[in-house]
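What follows is a set of notes on a single structure, which appears directly below.
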């Protein structure tokens, strides 16, 4: 069950102003930047409300410079590509979370995407407000990749005695009516899943600042 959305307060605007000056002064894309993003987005109870999505895209634009620091994830990207179930078309930071594959259940009209959590911190204050791991799934069923399903899973900084890794799962449910209308004819279709921490991807080509994409294949068996 999803919670209802909250109103954005003046505090959010003040946080944005502080983040803008901080980002300009210190180009850091680790826990410091993640804490700032988590703090702003904690103002929203519903992570995919129109207000929250607008705030997320503004934050994406502000921290997009982090993608230029991707070379320090080169070794991690190579390891991910070696064990992923398909091609890894693009990556952001891979230090906090990874999603090597997804699959589709045509009868339930739902995807299943296991998410590996690799760090103890960088996810927001426990247990709430924490943050969200977003997964957008796209499928090419004739006109290029189109968004067909989405889900998000809540998590926060570790408070247990155990250390990483942890395994979460997103279960994106299909919302695309054209995709749902396809016949169960056992045809194979190309698909892409994008894992993005706290900033929900809005297109099938949006490179996450924290996260990555994986291309895989699905089959519509009856």
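In our numbering, the protein residues as written are 115 to 336.
Here a beta-carbon is modelled for each residue, glycine too, at the ideal position from N, C-alpha and C.
These figures come from a predicted structure and were not determined experimentally.
Could you check the C-alpha separation between residue i and residue j for me, to the nearest Å?
i           : j           : result
residue 262 : residue 143 : 30 Å
residue 255 : residue 276 : 43 Å
residue 315 : residue 260 : 13 Å
residue 181 : residue 291 : 33 Å
residue 213 : residue 306 : 12 Å
residue 241 : residue 158 : 15 Å
residue 312 : residue 294 : 27 Å
residue 280 : residue 301 : 34 Å
residue 320 : residue 163 : 19 Å
residue 146 : residue 227 : 28 Å
residue 207 : residue 326 : 8 Å
residue 317 : residue 289 : 15 Å
Tell me, to the nearest whole angstrom, how far the beta carbon of residue i is from that of residue j; I am working on the premise that it is less than 8 Å.
i           : j           : result
residue 211 : residue 309 : 6 Å
residue 252 : residue 328 : With a Cβ gap of about 11 Å, residue 252 and residue 328 do not count as contacting.
residue 266 : residue 237 : At roughly 13 Å, the Cβ-Cβ gap does not stay under 8 Å, so residue 266 and residue 237 are not in contact.
residue 189 : residue 205 : The Cβ separation is near 12 Å, so there is no contact.
residue 278 : residue 234 : 6 Å
residue 323 : residue 178 : 7 Å
residue 298 : residue 220 : 6 Å
For the beta strand (DSSP E) containing residue i, name the first residue and the last one.
i           : result
residue 325 : 325-333
residue 217 : 217-219
residue 298 : No beta strand (DSSP E) holds residue 298; DSSP gives it neither H nor E.
Note the first and the last residue of the continuous alpha helix (DSSP H) segment covering residue i.
i           : result
residue 191 : 188-197
residue 174 : 164-177
residue 285 : Counting along the chain, residue 285 falls outside any alpha helix (DSSP H), and DSSP gives it neither H nor E.
residue 307 : First-last for residue 307: 302-311, but that is the beta strand (DSSP E), not the alpha helix (DSSP H).
residue 148 : 145-155
residue 292 : 291-294
Would a check of beta-carbon distances place residue i closer than 9 Å to chain D?
i           : result
residue 161 : Although the question refers to chain D, the structure presented lacks it and comprises just one protein chain.
Worksheet item: Of all the beta strand (DSSP E) runs that stay within the bounds of the segment 200-274, which reach a length of 3 or more residues?
Response: Those beta strand (DSSP E) runs which fall completely within the segment 200-274 and span 3+ residues are 217-219, 224-231, 245-254 and 259-269.
Worksheet item: Does the count of Cβ pairs from the segment 143-159 and the segment 169-177 closer than 8 Å reach three?
Response: Taking 8 Å as the limit for Cβ pairs, the verdict is that the segment 169-177 does touch the segment 143-159.
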